[in-house]
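Heads up, this note's numbering is the position in the sequence shown plus 384, with the first residue counted as 1.
All C-beta atoms in this analysis are idealised placements derived from N, C-alpha and C, irrespective of residue type, glycine included.
All values reported here derive from a predicted model rather than from experimental measurement.
One structure below.
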Amino acid sequence: MNNKMILYIIGQILKLEAVFMIVPLILSIVYNDGKNVIFAFLATIILLLVIGVPSSLKLPKNQKIFAKEGLIIVAFSWIILSIFGAFPFVFSREIPSFIDAFFEVVSGFTTTGASILTDVEAMSKSLLFWRSFTHFVGGMGVLVLALAILPKNSNQSLHIMKAEVPGPTFGKLVAKMSYNSRILYLIYIFITLVVTILLKLGGLPWFDSILHAFGAAGTGGFGIKNNSVAFYNSAYVEYVLGVAMLLFGMNFNLFYALLLKNFKQVYKNEELRYYLLIVFGAIVLIAFNIHSMYDDFSTMIRDIFFTVSSIITTTGFSTADFDKWPVFSKTILLLIMFVGGCAGSTAGGLKISRVLLLFKNVVNEFKKIGTPNRVISLRMDGKAVPKELLEGINVYLAIYITIFLILICCVSLEMPDFVSAFSAVTATFNNIGPGMGVVGPTCNYSAISPINKVILSFSMLLGRLEIFPILFLFSPNLYKRNTKY
Numbered sequence: 385m386n387n388k389m390i391l392y393i394i395g396q397i398l399k400l401e402a403v404f405m406i407v408p409l410i411l412s413i414v415y416n417d418g419k420n421v422i423f424a425f426l427a428t429i430i431l432l433l434v435i436g437v438p439s440s441l442k443l444p445k446n447q448k449i450f451a452k453e454g455l456i457i458v459a460f461s462w463i464i465l466s467i468f469g470a471f472p473f474v475f476s477r478e479i480p481s482f483i484d485a486f487f488e489v490v491s492g493f494t495t496t497g498a499s500i501l502t503d504v505e506a507m508s509k510s511l512l513f514w515r516s517f518t519h520f521v522g523g524m525g526v527l528v529l530a531l532a533i534l535p536k537n538s539n540q541s542l543h544i545m546k547a548e549v550p551g552p553t554f555g556k557l558v559a560k561m562s563y564n565s566r567i568l569y570l571i572y573i574f575i576t577l578v579v580t581i582l583l584k585l586g587g588l589p590w591f592d593s594i595l596h597a598f599g600a601a602g603t604g605g606f607g608i609k610n611n612s613v614a615f616y617n618s619a620y621v622e623y624v625l626g627v628a629m630l631l632f633g634m635n636f637n638l639f640y641a642l643l644l645k646n647f648k649q650v651y652k653n654e655e656l657r658y659y660l661l662i663v664f665g666a667i668v669l670i671a672f673n674i675h676s677m678y679d680d681f682s683t684m685i686r687d688i689f690f691t692v693s694s695i696i697t698t699t700g701f702s703t704a705d706f707d708k709w710p711v712f713s714k715t716i717l718l719l720i721m722f723v724g725g726c727a728g729s730t731a732g733g734l735k736i737s738r739v740l741l742l743f744k745n746v747v748n749e750f751k752k753i754g755t756p757n758r759v760i761s762l763r764m765d766g767k768a769v770p771k772e773l774l775e776g777i778n779v780y781l782a783i784y785i786t787i788f789l790i791l792i793c794c795v796s797l798e799m800p801d802f803v804s805a806f807s808a809v810t811a812t813f814n815n816i817g818p819g820m821g822v823v824g825p826t827c828n829y830s831a832i833s834p835i836n837k838v839i840l841s842f843s844m845l846l847g848r849l850e851i852f853p854i855l856f857l858f859s860p861n862l863y864k865r866n867t868k869y
């Protein structure tokens, strides 16, 4: 195992986090947030540099990174970033408990949007900015950003991107990984800027526009008002954010294809078609179910569109208390929580492509029952799907279900009811944020026990990194010398 290269990259990531904190540090001075907040950011930046600089002073001669190193780098980077990211909240005493602060920051970086804050509006503006900025950084991936802007990256960095970018497969846009990362981030930043401007045109202050754009971009959903987006009571703002969430729930490779005017690739993309079909279907089904609860049709459609967009993209912004909707509507929302967005997007969940391939595989198996000797090729976007990919998806699903059930058992020990336990794990494991019951859209995670906050933080990291990097840290073989992978 290339320990020196692992340490070097983690050191670079820590320095990068120190750079990220400069912006909220400046804002803490501009908004006069007080000495405690200014000190909190300064102290954290110094700590990050004290550890990060010595770790990354010299680029190791052996720069090779394989799958094993890629998994370790990604897992440790996300955990360490979250630990240091929590310090400004603890040092400033605005979130005195480290467990609470860690939960909040893990929720930010993993773009979950689950919060322990009972009064968001009481928090300092610079800390609110840092809280939402973690969504923006974590959305596309911390390591993806590092590969885009840090010099002298090894070509072996493909293993890092494979370990961090969500989805069953990772598609390179161009040959060089650093260029690949830059293209992804340029698209990401451009759409975020457009959303910010559109929100500003809708009457939101610049600060609110930027932070809500961060939340939509990372499909995170941290609100800066106690009743989230509902505070603005604006159909325009809700539709802008609703469309933005759906865009960020799409595969970013498709945006690159549009830039190259490769409209055929976008049109033929099965995942995109089913993604939009599921959104439309969910809106129609819920509308039929809850129409009697609304006097105004346009308000109903507005609430359903925003909620479905928020849930399927695992963003978590809320304007309506869907916990009060009928059981059928809540079941639809629960199902799309598991499905999630597209592979290669900032959304969480199982991903449309995985669900689609699993469904196609089941259909093929039924076809073979009548004709056992018949050879049926499973195809996606007109191309045959490799057997290895299907096996990988089946293994992922088996591990996903196993860990999901274990998490529910652990959390249920200190939860008041099964619905709350089930939805809390569903909402954190799929990086959604609001669940049902005591963690519903009008509630938060402040009342749950410290041990459950730790378990759900672990759940969020597992979900965002799609299980394997975090699970790999518990592999006994990892700590044996001269183990080959």
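{"Check": "Stretch pair the stretch 658 to 667 + the stretch 776 to 794: three plus CB contacts closer than 8 Å", "Outcome": "no"}
{"Check": "Endpoints, alpha helix (DSSP H) assigned at alanine 704", "Outcome": "Looking at the DSSP string, alanine 704 is not in any alpha helix (DSSP H), and its letter there is neither H nor E."}
{"Check": "Backbone CA spacing between alanine 704 and aspartate 687 [nearest angstrom]", "Outcome": "6 Å"}
{"Check": "Chain-order list of residues whose beta-carbon lies under 6 Å from that of lysine 445 (same chain, five-residue window excluded)", "Outcome": "none"}
{"Check": "Proximal residues to leucine 791 (C-beta, below 6 Å), its chain only, five neighbours per side dropped", "Outcome": "Val809 and Ser843"}
{"Check": "Closest by C-alpha distance to arginine 879, when choosing among Gly523, Tyr569 and Tyr651", "Outcome": "For the chain, the structure presents residues 385 to 869; residue 879 sits outside this window and is missing."}
{"Check": "Whether valine 747 touches valine 723 by CB criterion (8 Å)", "Outcome": "no"}
{"Check": "Inter-stretch contact (C-beta, 8 Å, three-pair minimum) for the stretch 572 to 587 and the stretch 622 to 629", "Outcome": "yes"}
{"Check": "Straight-line gap, phenylalanine 852 to phenylalanine 450 (C-alpha atoms, nearest Å)", "Outcome": "15 Å"}
{"Check": "Length of the line joining the Cα atoms of valine 521 and glycine 602", "Outcome": "8 Å"}
{"Check": "Straight-line gap, lysine 752 to alanine 485 (C-alpha atoms, nearest Å)", "Outcome": "53 Å"}
{"Check": "Reduced DSSP secondary structure (H/G/I, E/B, other) of arginine 477", "Outcome": "coil"}
{"Check": "Within the stretch 447 to 499, ranges of the beta strand (DSSP E) (whole runs, at least 3 residues)", "Outcome": "none"}
{"Check": "Which of helix, strand or coil DSSP assigns to lysine 870", "Outcome": "With the chain running from 385 to 869 in the structure shown, residue 870 is simply not present."}
{"Check": "Through-space distance from lysine 419 to glycine 604, alpha-carbon basis", "Outcome": "29 Å"}
{"Check": "Under 8 Å between C-beta atoms of leucine 512 and leucine 595", "Outcome": "yes"}
{"Check": "Simplified DSSP assignment, three categories, for serine 538", "Outcome": "Per-residue confidence for serine 538 stands at a pLDDT of 48, beneath the threshold of 50, marking its modelled position as unreliable; the derived number appears in the next sentence. Of the three classes helix, strand and coil, the one that applies to serine 538 here is coil, per DSSP."}
{"Check": "Helix, strand or coil at alanine 614 [DSSP, three-state]", "Outcome": "helix"}
{"Check": "Unbroken stretches of the alpha helix (DSSP H), 4 residues or longer, contained in the stretch 785 to 852", "Outcome": "802 to 813 and 834 to 848"}
{"Check": "Length of the line joining the Cα atoms of tyrosine 392 and phenylalanine 482", "Outcome": "27 Å"}
{"Check": "Rounded Cβ spacing between leucine 583 and valine 621 (contact assumed at less than 8 Å)", "Outcome": "6 Å"}
{"Check": "Per-residue DSSP class, three states only, for lysine 648", "Outcome": "helix"}
{"Check": "Coil, strand or helix - proline 408 by DSSP", "Outcome": "helix"}
{"Check": "When Lys509, Ser807, Glu798 and Ile390 are compared against asparagine 836, the one with the closest alpha-carbon", "Outcome": "Glu798"}
{"Check": "Serine 593, enclosing alpha helix (DSSP H) - first and last residue", "Outcome": "590 to 601"}
{"Check": "Distance, isoleucine 608 Cα to aspartate 592 Cα", "Outcome": "8 Å"}
{"Check": "Whole-angstrom distance between valine 769 and glycine 776, CA atom to CA atom", "Outcome": "12 Å"}
{"Check": "Chain-order list of residues whose beta-carbon lies under 8 Å from that of methionine 405 (same chain, five-residue window excluded)", "Outcome": "Phe425, Thr428, Ile429, Leu432, Pro472 and Trp514"}
{"Check": "Own chain, CB closer than 7 Å to phenylalanine 460, minus 5 neighbours either side, in chain order", "Outcome": "Ile394"}
{"Check": "Length of the line joining the Cα atoms of phenylalanine 788 and glycine 754", "Outcome": "35 Å"}
{"Check": "Exposed unless 16 or more other CB atoms sit within 10 angstroms - verdict on isoleucine 760", "Outcome": "exposed"}
{"Check": "Three-state secondary structure assigned by DSSP to isoleucine 581", "Outcome": "helix"}
{"Check": "Per-residue burial, leucine 455 [other beta carbons within 10 Å of its own, 16 or more giving buried]", "Outcome": "buried"}
{"Check": "Rounded separation between serine 841 and arginine 758 - CA only", "Outcome": "47 Å"}
{"Check": "Range of the contiguous alpha helix (DSSP H) that encloses methionine 684", "Outcome": "681 to 696"}
{"Check": "Residues near valine 437 by beta carbon distance below 6 Å, same chain, minus five either side", "Outcome": "none"}
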